[in-house]
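Data first, discussion second: the structure below is written as structure tokens.
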Amino acid sequence: MADRTTRERSRPADDAYTIRQYDSDDREGVLSLYETVFGDTRGGEAWFDWKFADNPYLPSVPIWVAEREGRIVGARPSLPVPLSVAGRRELALVQVDPMVHPDHRRQGLFTRLAADVYDHYRSRDPSVVVGFPNEAVKRGLEKLADELSLDEGVVAPFTEYYRIQDPTALVDADGSTPLGRVAGRAADALRPGVRRYLAARDHFAGATTEGRVERHSGAPPALLASVASRRTSPDATAVRDEPFFSWRFRNPRYDYSTYVLRRNGASVAALVVGEQRDVPADVVHVSDALPPVGGDRRDERLSALLGRVLADRADADLVAAAGTTLPRSVLASHGFVATDRFPLSRLAATYWFSARPLTDRDVDDWVVNGHRLSDPDGWNLSFCELEVG
Numbered sequence: 010m011a012d013r014t015t016r017e018r019s020r021p022a023d024d025a026y027t028i029r030q031y032d033s034d035d036r037e038g039v040l041s042l043y044e045t046v047f048g049d050t051r052g053g054e055a056w057f058d059w060k061f062a063d064n065p066y067l068p069s070v071p072i073w074v075a076e077r078e079g080r081i082v083g084a085r086p087s088l089p090v091p092l093s094v095a096g097r098r099e100l101a102l103v104q105v106d107p108m109v110h111p112d113h114r115r116q117g118l119f120t121r122l123a124a125d126v127y128d129h130y131r132s133r134d135p136s137v138v139v140g141f142p143n144e145a146v147k148r149g150l151e152k153l154a155d156e157l158s159l160d161e162g163v164v165a166p167f168t169e170y171y172r173i174q175d176p177t178a179l180v181d182a183d184g185s186t187p188l189g190r191v192a193g194r195a196a197d198a199l200r201p202g203v204r205r206y207l208a209a210r211d212h213f214a215g216a217t218t219e220g221r222v223e224r225h226s227g228a229p230p231a232l233l234a235s236v237a238s239r240r241t242s243p244d245a246t247a248v249r250d251e252p253f254f255s256w257r258f259r260n261p262r263y264d265y266s267t268y269v270l271r272r273n274g275a276s277v278a279a280l281v282v283g284e285q286r287d288v289p290a291d292v293v294h295v296s297d298a299l300p301p302v303g304g305d306r307r308d309e310r311l312s313a314l315l316g317r318v319l320a321d322r323a324d325a326d327l328v329a330a331a332g333t334t335l336p337r338s339v340l341a342s343h344g345f346v347a348t349d350r351f352p353l354s355r356l357a358a359t360y361w362f363s364a365r366p367l368t369d370r371d372v373d374d375w376v377v378n379g380h381r382l383s384d385p386d387g388w389n390l391s392f393c394e395l396e397v398g
């Protein structure tokens, strides 16, 4: 276990970088860094304010920045999300979008930013750090394994599921080269067969359940909270209450709609669907499935809702789901392919789920409320948690 005492990190004598917590005057500098590193501002000021400034769970914005000569050259953004762990509420710090300006890399800024965030919060709430790193960020975190308590936590692949409805939209070529033209023609030839295959999958999925499907614009917080409360997850998952939904589904990068199954006057199941804005392809996310757990009856109800979603989104290029909240069997029955299965295991980028305790105490076995959080099977996550990134 790493030494929990605060320590001064070695820095070169001529170090001109200041590592500090974000303040409101840094917004333009951080957005500019987003554009430099990622090629966009991820939705601009409205998105930034929703994600960080308007987040209701901490009084201050949990972003750390690296500053040099008055310019923001690095940032480690995080945002708080409430978790339910076997019914006990814990506040998690979701870490997203680590950034260092290309002109300031290999100066140890990634390490210093990550470690300073940990130092600040290990003696206060939040008590959990969660992330969904890509392979490069995962390797960077593993170098800090002792300091960031990674050995006491969990790092596991995070599976996504894709229903590819139009292969031509996924050809990453403009047709200007011979290879691009060949790829485009191949995808175009596949499209009719893909449509027929998916139609057959939907027909045989054929979930028939009593009730009526209603579609709502947006994501009504009270309605979603009511459906979520029908059955709570014993595993670690986002707290799905009305305040959370009120904030969560105001993400301006998506247009949300909600499908609800009503039976005998009660709302018994729901899917929240998010359509991404300002992306080249028409991409639809199954952003949440409610209630978050259940048995065969829940699976049948979610399959019926998913069938309606897919009928309404037949012209979308791609429909995606993630995690464990929507059962793998339901997704497979509707033609979704998992990123941990061939062929997507060879083609799709690997994303990971990581979580670790955030504390100044020694942790030999990470157990919260009798629930072992170091076990990857002890988490029940979806785009509900991932999409906040």
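Oh and the sequence shown: position 357 is 366 in our numbering, straight run, nothing missing. Every residue, glycine too, gets a C-beta built ideally from N, C-alpha and C.
Judged by DSSP secondary structure, residue 38 falls within the alpha helix (DSSP H) whose first and last residues are 36-47. Pairwise C-beta distances place the segment 230-241 in contact with the segment 250-267, as three or more of them are shorter than 8 Å. The beta-carbon separation of residue 326 and residue 208, rounded to 16 Å, does not stay under the 8 Å limit for a contact.
Here residue 245 is bridged, per DSSP, to 388.
In terms of Cα proximity to residue 294, the closest of 36, 393, 100 and 386 is 393. Where residue 297 is concerned, the enclosing beta strand (DSSP E) starts and stops at 292-299. Going by beta carbons, residue 335 and residue 266 fall outside the 8 Å limit. Burial state of residue 356 is exposed, judged by a 10 Å Cβ sphere holding fewer than 16 other Cβ atoms. DSSP, reduced to helix, strand and coil, places residue 66 outside both helices and strands of the structure shown, so it counts as coil. Between residue 125 and residue 81, the C-beta spacing is not below 8 Å.
With a threshold of 16 other beta carbon atoms within 10 Å, residue 65 falls short and is exposed. As computed with DSSP, residue 224 is found in a beta bridge with 268.
For residue 91, the enclosing beta strand (DSSP E) has its first and last residue at 80-94. The segment 51-70 makes no contact with the segment 108-121: fewer than 3 CB pairs, one atom from each, lie closer than 8 Å. Every unbroken stretch of the alpha helix (DSSP H) spanning 4 or more residues and falling wholly within the segment 98-186 is given here in chain order: 118-130 and 144-151. When the beta-carbon positions are compared, residue 311 and residue 280 come within less than 8 Å of each other. Within the same chain, Cβ atoms closer than 6 Å to the Cβ of residue 332 are found at 390 and 391, the five residues on either side in sequence being excluded. Residue 278 is a Cβ neighbour of residue 307, given a cutoff of 8 Å. Taking C-beta atoms as the reference points, residue 269 and residue 97 fail to come closer than 8 Å. For residue 256, the enclosing alpha helix (DSSP H) has its first and last residue at 251-257. Just so you know, the alpha carbons of residue 164 and residue 296 end up roughly 22 Å apart. Contact between residue 245 and residue 92 holds: CB atoms are separated by about 5 Å, below the 8 Å threshold. Short of 7 Å from the beta carbon of residue 119, and not among the five residues preceding or following it, lie these beta carbons of its own chain, in chain order: 107, 109 and 149. Straight-line measurement puts the Cα of residue 291 at about 12 Å from the Cα of residue 172. Counted as a single uninterrupted DSSP element, the stretch harbouring residue 335 is not any alpha helix (DSSP H), since DSSP gives it neither H nor E. With a contact defined as Cβ atoms closer than 8 Å, residue 95 and residue 380 qualify at about 4 Å. In chain order, 219 and 220 place their CB closer than 6 Å to the CB of residue 272, counting only its own chain and leaving out the 5 sequence neighbours on each side. Separation of the CB atoms of residue 343 and residue 316 is rounded to 7 Å, and the pair is thereby assigned contact status at 8 Å.
Within the model, the alpha-carbon separation for residue 103 versus residue 140 is close to 5 Å. Under the DSSP assignment, residue 235 falls in the alpha helix (DSSP H) whose first and last residues are 230-237. Per DSSP, residue 357 is not a residue of any alpha helix (DSSP H), being assigned neither H nor E. Note on residue 228: 16 or more other CB atoms within 10 angstroms of its CB, so buried under the neighbour-count rule. The C-beta distance from residue 138 to residue 370 rounds to 15 Å, too long to meet the 8 Å contact threshold.
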